[in-house]
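Participant:
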Ligand code: NAD
Ligand code: LMR
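Here you go:
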């Protein structure tokens, strides 16, 4: 029996993400929570003949507590998205409080759940959740993930296109490490499998496109929000990978996510030998298992250009992380 909870389930990401989770036969109980319209979304999705029993919850009648109670996995796409001209950090003032309150609910009602944070700015919202869980004495770094899968999905798509093989994008695996905004996103294109043979100039263009892929969608949506459908795909892919690993299945694909490096201090040693000791959080390749992070995997060989990208990412992440930590320190 597996209970999955989506917080922000009536939103642009929340609705298609809930739909994709309903397609998974691993889930038997799907709880959809939002401050608006969650019962409507739940009623609609509940007519699909897959195993999950679907319930929708609003804040009234202790809805958050009921949605979270005994959840095995909580996926959080709650909060506001960007408009053109905004950075993800511009969302901090609204989303930090939303994510903090959800984290309090998780600490009280589902402290053992895998927690997948989608709400931006991920570089700061993950430390916010961690600090709340620490305060409540239930923080387990193996179970908390900032979802960076969309960067990995984009890298596969853009690089297979550049290789002239757009219909083979599923085959292309490119590690994307760091954080989830602008220069904190670090694609390791030199490790692309299959490899691509393009000029350094093209590598730099591709790197920039992966780092700023979110802006492409924000601009195209022209004020109507940011990526929702591709994010739902990416979020469902990662959530299902976590659940499959939890059920004992050996995964064929290595997933990456933004985690606290104490999730595997042994594995983190190789990572810090490459990135240094200035950031406690980083998106890294993971081996997932029954308890979440089983191992932090090596970053592999990083070339000089990528080393430069890592340096910039680490410098930016520091401020993003301390902003999240300070927010909880100053919260009553
Ligand atoms: P949206 O506005 O369409 O949906 C957000 C939903 O959250 C709404 O339904 C809203 O009612 C709900 N919500 C607001 N406050 C809430 C609360 N306190 N509790 C529960 N639900 C609440 O936005 P969206 O396009 O779905 O994006 C959601 C978030 O995901 C944004 O912060 C966006 O930047 C982020 N995002 C992250 C990634 C990533 O790669 N990690 C990708 C895309 C978007
Ligand atoms: C993305 O990468 O698409 C998301 O983080 C949304 C955004 O604001 O760009």
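Numbering (full-length UniProt numbering), first residue to last: 1 to 332. For glycine and all other residues, C-beta sits at the position ideal for the given N, C-alpha and C.
1) Would you mind giving the Cβ-Cβ distance between residue 186 and residue 313, rounded to the nearest angstrom? I have them listed as a contact below 8 Å.
2) Across the region 248 to 259 and the region 166 to 180, are there enough close Cβ pairs to call them in contact, namely three or more that are closer than 8 Å?
3) Taking Cβ positions, are residue 247 and residue 26 nearer each other than 8 Å?
4) Rounding to the nearest angstrom, what Cα-Cα distance links residue 188 and residue 196 in this structure?
5) When DSSP builds the beta bridges, which residues end up paired with residue 55?
6) Quick one: does the C-beta of residue 227 sit closer than 7 Å to a heavy atom of the ligand LMR?
7) If you run the structure through DSSP and keep just helix, strand and coil, what is residue 281?
8) State the Cα-Cα distance for the pair residue 85 and residue 49, rounded to the nearest angstrom.
9) For a quick check, are the C-beta atoms of residue 54 and residue 20 less than 8 Å apart?
10) Would you call the region 64 to 76 in contact with the region 96 to 111, where contact means no fewer than 3 C-beta pairs closer than 8 Å?
11) Strictly by DSSP, which residues pair up with residue 4?
12) If you reduce the DSSP assignment to three classes, tell me which class residue 257 lands in.
13) Any heavy atom of the ligand NAD closer than 7 Å to the CB of residue 101?
14) Quick one: does the C-beta of residue 187 sit closer than 7 Å to a heavy atom of the ligand NAD?
15) Would you mind giving the Cβ-Cβ distance between residue 132 and residue 144, rounded to the nearest angstrom? I have them listed as a contact below 8 Å.
16) Any idea what DSSP makes of residue 288, helix, strand or coil?
17) Say the cut is 7 Å; is the CB of residue 124 nearer than that to a heavy atom of the ligand NAD?
18) Taking 8 Å as the threshold (beta carbon to beta carbon), is residue 263 in contact with chain C?
19) DSSP has residue 187 in a bridge; who is on the other side?
20) Excluding the 5 residues preceding and the 5 following residue 287 in the sequence, name in chain order all residues of the same chain whose CB lies nearer than 7 Å to its CB.
21) With residue 171 and residue 194 assumed to form a contact (beta carbons below 8 Å), what rounded beta-carbon distance in angstroms separates them?
22) Leaving out five residues on either side along the sequence, give the residues of the same chain with a beta carbon under 6 Å from the beta carbon of residue 289.
23) Determine the burial state of residue 319: buried for a count of at least 16 other Cβ atoms within 10 Å of its Cβ, exposed for fewer.
24) Please state whether DSSP places residue 131 in a helix, a strand or coil.
25) Heavy atom of the ligand NAD less than 7 Å from the Cβ of residue 178, yes or no?
26) Mind checking whether the beta-carbon of residue 128 lies closer than 7 Å to any heavy atom of the ligand NAD?
27) Kindly confirm or deny that the region 215 to 234 and the region 148 to 155 touch, where touching means at least three C-beta pairs closer than 8 Å.
28) Should residue 3 be labelled buried (16 or more other beta-carbon atoms within 10 Å of its own) or exposed?
29) Compute every distance between the C-beta of residue 215 and the non-hydrogen atoms of the ligand LMR, then say whether any falls below 7 Å.
30) Just reading off the beta strand (DSSP E) that residue 115 is part of, what are its end residues?
31) Relative to the C-alpha of residue 163, which residue among 199, 147, 227 and 114 is closest?
32) Any idea which residues DSSP pairs residue 293 with across the strands?
33) Residue 68 and residue 110 - do their beta-carbons sit closer together than 8 Å?
Facilitator: Result, derived from the coordinates:
1) If you number the chain shown from 1, residue 186 lands on position 186. If you number the chain shown from 1, residue 313 lands on position 313. Contact between residue 186 and residue 313 holds, since their C-beta atoms are separated by about 5 Å, short of 8 Å.
2) yes
3) On the chain shown, residue 247 is found 247 positions in, with the first residue counted as 1. On the chain shown, residue 26 is found 26 positions in, with the first residue counted as 1. Going by C-beta atoms, residue 247 is nearer than 8 Å to residue 26.
4) Taking the first residue of the chain shown as position 1, residue 188 is located at position 188. Taking the first residue of the chain shown as position 1, residue 196 is located at position 196. Distance between the alpha carbons of residue 188 and residue 196 is about 12 Å.
5) Here residue 55 refers to the residue found at position 55 of the chain shown. Per DSSP, 31.
6) By one-based count along the chain shown, residue 227 stands at place 227. Correct: residue 227 has its Cβ closer than 7 Å to the ligand LMR.
7) On the chain shown, position 281 is the one that residue 281 refers to. Three-state result, residue 281: strand.
8) Indexing the chain shown from 1 puts residue 85 at position 85. Indexing the chain shown from 1 puts residue 49 at position 49. Each residue's Cα considered, the two are about 42 Å apart.
9) Here the question's residue 54 lines up with position 54 in the chain shown. Here the question's residue 20 lines up with position 20 in the chain shown. Not a contact, by the Cβ cut-off of 8 Å.
10) yes
11) Within the chain shown, numbered from 1, the residue matching residue 4 stands at position 4. Its beta-bridge partners are 30 and 73.
12) Translated into positions along the chain shown, residue 257 becomes position 257. Strand.
13) By one-based count along the chain shown, residue 101 stands at place 101. The answer is yes for residue 101.
14) In the chain shown, counting from the first residue as 1, residue 187 sits at position 187. Not under cutoff, so the answer is no.
15) Translated into positions along the chain shown, residue 132 becomes position 132. Translated into positions along the chain shown, residue 144 becomes position 144. About 10 Å separates the beta carbons of residue 132 and residue 144, which is beyond the 8 Å limit, so they are not a contact pair.
16) Stepping through the chain shown from its first residue, residue 288 is reached at position 288. The answer is strand: DSSP assigns residue 288 an E or B state.
17) One-based indexing of the chain shown puts residue 124 at position 124. For the ligand NAD, not one heavy atom lies less than 7 Å from the Cβ of residue 124.
18) No chain C appears in the structure shown, which is made up of a single protein chain.
19) In the chain shown, counting from the first residue as 1, residue 187 sits at position 187. Per DSSP, 176.
20) Sequence index remark: in the chain shown, residue 287 carries index 287 (1-based). Excluding sequence neighbours, residue 287 sits near 294, 295 and 297.
21) Taking the first residue of the chain shown as position 1, residue 171 is located at position 171. Taking the first residue of the chain shown as position 1, residue 194 is located at position 194. Rounded, the Cβ-Cβ distance is 7 Å, consistent with contact.
22) Translated into the one-based positions of the chain shown, residue 289 becomes position 289. Here the set comprises 245.
23) The sequence position of residue 319 within the chain shown is 319, counting from 1. With fewer than 16 other Cβ atoms within 10 Å, it is exposed.
24) Locating residue 131 in the chain shown gives position 131, where the first residue counts as 1. Correct three-state label for residue 131: helix.
25) Locating residue 178 in the chain shown gives position 178, where the first residue counts as 1. No, Cβ of residue 178 sits at least 7 Å from all heavy atoms of the ligand NAD.
26) Taking the chain shown and counting its residues from 1, the one referred to as residue 128 is at position 128. Answer for residue 128: no, Cβ out of range of the ligand NAD.
27) Contact between the region 215 to 234 and the region 148 to 155 is present, because at least three Cβ pairs lie under 8 Å.
28) To locate residue 3, count along the chain shown from 1; it is residue 3. So residue 3 ends up on the buried side.
29) Stepping through the chain shown from its first residue, residue 215 is reached at position 215. Answer for residue 215: yes, Cβ within range of the ligand LMR.
30) For the purposes of this step, residue 115 is taken as residue 115 along the chain shown, with counting starting at 1. Residue 115 -> beta strand (DSSP E) spans 114 to 117.
31) To locate residue 163, count along the chain shown from 1; it is residue 163. Comparing Cα positions, the closest option is 199.
32) By 1-based counting over the chain shown, the position of residue 293 is 293. Answer is 288, bridged to residue 293.
33) The residue you call residue 110 lines up with position 110 of the chain shown. The residue you call residue 68 lines up with position 68 of the chain shown. The Cβ-Cβ distance between residue 110 and residue 68 falls below 8 Å.
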